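Asker: One structure follows; several queries about it will come next.
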Amino acid sequence: MTTKTVTNHKAMLSLCILSILLLLLMPLTTIANNKIRISSKLRLPEKLSITDHLPQELVSNILSRLPAKELWRCKFVCKSWFHLINDPNFVTNYYVVYNNSNHNHSHLLLIQRPSLSSNKTFISVLSCNNATGSVSSQTLNLPCEYNSDHKYWTEIMGPCNGIYFLEGNPNMMMNPSLGQFKALPESHFTTPIGTNSLSDYAGFGFDSKANDYKVVVIKDLWNRETDQRRLWCWTAELFSLNSNSWRKLDAPLPSPIEISASSRVYTYENNCCHWLGYVEDEFGKRKDVVLSFDMVNEAFRKINVPRVCKSSIASFATLVPFEESASIGVVVRGKEKRYDVWMMKDYWDEESWVKLYSVGHVEVISRLVGFYKSNQLLWKGNDERLVMYERDSQQVKDLHVYVKNDSLRAARYMETLVSLQRGH
468 MTTKTVTNHK
478 AMLSLCILSI
488 LLLLLMPLTT
498 IANNKIRISS
508 KLRLPEKLSI
518 TDHLPQELVS
528 NILSRLPAKE
538 LWRCKFVCKS
548 WFHLINDPNF
558 VTNYYVVYNN
568 SNHNHSHLLL
578 IQRPSLSSNK
588 TFISVLSCNN
598 ATGSVSSQTL
608 NLPCEYNSDH
618 KYWTEIMGPC
628 NGIYFLEGNP
638 NMMMNPSLGQ
648 FKALPESHFT
658 TPIGTNSLSD
668 YAGFGFDSKA
678 NDYKVVVIKD
688 LWNRETDQRR
698 LWCWTAELFS
708 LNSNSWRKLD
718 APLPSPIEIS
728 ASSRVYTYEN
738 NCCHWLGYVE
748 DEFGKRKDVV
758 LSFDMVNEAF
768 RKINVPRVCK
778 SSIASFATLV
788 PFEESASIGV
798 VVRGKEKRYD
808 VWMMKDYWDE
818 ESWVKLYSVG
828 HVEVISRLVG
838 FYKSNQLLWK
848 GNDERLVMYE
858 RDSQQVKDLH
868 VYVKNDSLRA
878 ARYMETLVSL
888 QRGH
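Anchor point for the sequence shown: position 212 equals 679 in the numbering used here, and the numbering is continuous, going up by one each time.
Structure, rendered in C-alpha cells:
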C-alpha cells in the first residue's frame, strides 16, 4: 500500500468520525436552519486535528463507546487521538465506561473441546440479549500456530483488566478484544530429584506497582520410586509478562493445606488469586481454608473459613469473586440441588464471613462452571446445557450451549485496550 493510499484512508476515516462527532454534538449546538456547514478549508489530520476545537472530555467520552479493536485503529487518525488513546488514564477509564455502557447484553468468553477424540479447543464469545433472550455466538480466529488439533486449553482465568490466561498446551495469555495471543515460554525449573509433580494449581493476576501481569503455579510433589505423595511438599513458580520468563518463588507456603480441585471459577480480588482447600487436625477432622497469593508482594496467606460448611451437607463448595465488595465468597451446594452463598465482608478479616442468601431447590442446575456477577451463576444443566441462574429474578436462562464431557469453561467477556506487547 502506497503512502498516498494510507493518507487517503486516514483522511476518509477522519471525516467519517468527525461527522459522527458533529452529529452527536447537534443537541448541544444551535445550528441555523438545521444545517451543518463544513469549511472547505478542512485539511488532512496531519495538518489540522479534527478535535482541536472540541472539549477533550467529550472526545474521550465518545471514543470510549467504540469497541476496542475499532478504537485501536483510531490511534492512527491523528496525533491527538494517538496520545489520548495511549494515555494510561484513558485505558483504565475505557475499561470501566465501555463494559458498563450496555446493560442489555451479557457477554461470555467460552472455551470448549467438542469431543474426547480431539484435543482442539474452540474459543468463542457468547452474547445474550437480556431483553429478548436471544443468543448469538462468534468463534475467535486463532493465529495459525495455535489453530491445531494438538493445541488445547482446559482452564480459563480472567478477566483481569480484560486479559485472560488459558491453561493448557501451550499456556497462553490473550486479549481477545484486540486479537492478541501470547504463548508463555516453557519453564526451565525441574522438580527435585526423586519426585514427580502430580498436580499444578495456577493463578493469574496483575501487579499494579510493576504494571505487570503474572502467573503463579503451585506444584504438588510425589515420590517417584514409591509412588507416594510427599505430604505438604510444594514448589511454586512465577511468570512475569514484563520479563517474559519464569522464576522460582522463594515465598513460603502455609502448610499443611490440601488444595481442592472442585473450584474452576476465577477468583481474583485485592491483588490476590485464591484456591479453596482444607486442613486436617490430629484427629483427621477437616476444616475449610482459602490459600491466597498476593501478586504485588508475592506472598502466600492462609484464610480460615470457619463456618461455611456448617451451613449444609455439602456435595461441593467453590470460590467466587465479589467485585462489588472487592472480596471473595463461597458457593456451597447441598443435597436436593440447594445451595448457600457466603461472603467474607471484610477481605482482611477472616472472622467476617456471613451467609448472604440461600437458594432452594433448582431443578436445572447440576454443576457450577462459571460466574458472571455476584447474583448470576453459570451452571451445567441436567440436559447438558449451559444455563445462567439469576438469583434476584429466580430465572433460568438457557444459553443454547451444550456442555459435553466436562469440557466447557466460561468467564465474563470484557473489552480492553491493554496490550500484551510490552514496551510498545
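All C-beta atoms, glycine included, are put in the ideal place defined by N, C-alpha and C. This structure is a prediction, so every number in the text was calculated from the model and none was measured.
Using a Cβ-Cβ cutoff of less than 7 Å, which residues in the same chain neighbour Ile724 once the five nearest sequence positions on both sides are dropped?
Answerer: Gly744, Val746, Val756, Leu758, Lys769
Asker: Measuring CA to CA, which of Thr621, Glu817, His741, Leu708 is closest to Met640?
Answerer: Ranked by Cα distance from Met640, the first of Thr621, Glu817, His741, Leu708 is Leu708.
Asker: In its own chain, which residues sit with a C-beta less than 7 Å from the C-beta of Val885, not counting the 5 before and 5 after it?
Answerer: Val558, Asn628, Gly629, Ile630, Asn642
Asker: Is the beta carbon of Ser594 sitting closer than 8 Å to the one on Val564?
Answerer: no
Asker: How is the alpha helix (DSSP H) around Trp539 delimited, first residue to last?
Answerer: 535–541
Asker: I'd like the list of long-range same chain contacts for Tyr839, defined as Cβ closer than 6 Å, with 5 residues on each side in sequence excluded.
Answerer: Closer than 6 Å at Cβ, skipping near neighbours: Arg879.
Asker: Is it the case that the Cβ atoms of Trp815 and Arg834 are separated by a distance below 8 Å?
Answerer: Not a contact, by the Cβ cut-off of 8 Å.
Asker: So, for Gly625: in the same chain, excluding its five sequence neighbours on each side, which residues have a beta-carbon less than 7 Å away from its beta-carbon?
Answerer: Tyr631, Phe632, Phe671, Tyr733, Ala878
Asker: Curious, which full-length beta strand (DSSP E) runs of at least 3 residues does the segment 736–771 contain?
Answerer: 739–747, 753–761, 766–771
Asker: Where do the N-terminal and C-terminal ends of the alpha helix (DSSP H) with Leu656 fall, by residue?
Answerer: In the sequence on display, residue 656 carries Phe and not Leu. Note, Phe656: premise wrong, no alpha helix (DSSP H); not H, not E.
Asker: Which residues in the same chain have their Cβ closer than 8 Å to the Cβ of Thr496, if we skip the five residues on either side of it in sequence?
Answerer: The predicted model places Thr496 with a pLDDT of 34, which falls under 50 and marks its position as unreliable, so this point remains unresolved.
Asker: Can you give the Cα-Cα distance for Leu887 and Asp748, rounded to whole angstroms?
Answerer: 45 Å
Asker: Taking the alpha-carbon of His574 as reference, which of Leu551, Gly600, Asn560 has the nearest alpha-carbon?
Answerer: Gly600
Asker: Would a C-beta distance cut-off of 8 Å place Lys649 and Asp667 closer than the cut-off?
Answerer: Not closer than 8 Å, so no.
Asker: Measure from the alpha carbon of Tyr619 to the alpha carbon of each residue in Asn586, Ser644, Leu875, Trp548, then state which is nearest.
Answerer: Asn586
Asker: Helix, strand or coil for Val564, going by three-state DSSP, please let me know.
Answerer: Three-state result, Val564: helix.
Asker: Helix, strand or coil: which one does DSSP assign to Ser712?
Answerer: strand
Asker: So for Leu823, helix, strand or coil by DSSP?
Answerer: strand
Asker: Taking 7 Å as the limit between beta carbons, can you name the residues of its chain near Asn614, skipping five residues before and five after?
Answerer: none
Asker: Ends of the beta strand (DSSP E) at Ser531?
Answerer: In the DSSP assignment, Ser531 falls outside any beta strand (DSSP E) and carries neither an H nor an E.
Asker: In whole angstroms, what separates the C-alpha of Leu607 from that of Leu853?
Answerer: Answer to the nearest angstrom: the Cα atoms are 19 Å apart.
Asker: Tell me which residue opens and which closes the beta strand (DSSP E) that Trp548 is part of.
Answerer: No beta strand (DSSP E) contains Trp548, which is instead part of the alpha helix (DSSP H) from 546–553.
Asker: If you reduce the DSSP assignment to three classes, tell me which class Asn642 lands in.
Answerer: Here Asn642 sits in strand by DSSP.
Asker: Let's see if you can read the secondary structure: which residues bound the beta strand (DSSP E) around Ala877?
Answerer: Where Ala877 is concerned, the enclosing beta strand (DSSP E) stretches over 875–879.
Asker: Do you know whose CA, among Val763, Tyr735, Tyr824, lies nearest Pro788's CA?
Answerer: Tyr735
Asker: If you compare alpha carbons, which of Lys752, Arg800, Asn566 is closest to Ser644?
Answerer: Looking at the Cα atoms, Asn566 is the closest of the given residues.
Asker: Going residue by residue through the segment 587–648, where are the continuous beta strand (DSSP E) segments of at least 3 residues, counting only ones entirely within it?
Answerer: 589–596, 602–606, 619–627, 630–636, 639–642
Asker: Considering only DSSP beta bridges, list what Pro788 is partnered with.
Answerer: Answer is Ile795, bridged to Pro788.
Asker: Mark Gly751 as exposed unless 16 or more other C-beta atoms lie within 10 angstroms of its C-beta, in which case mark it buried.
Answerer: exposed
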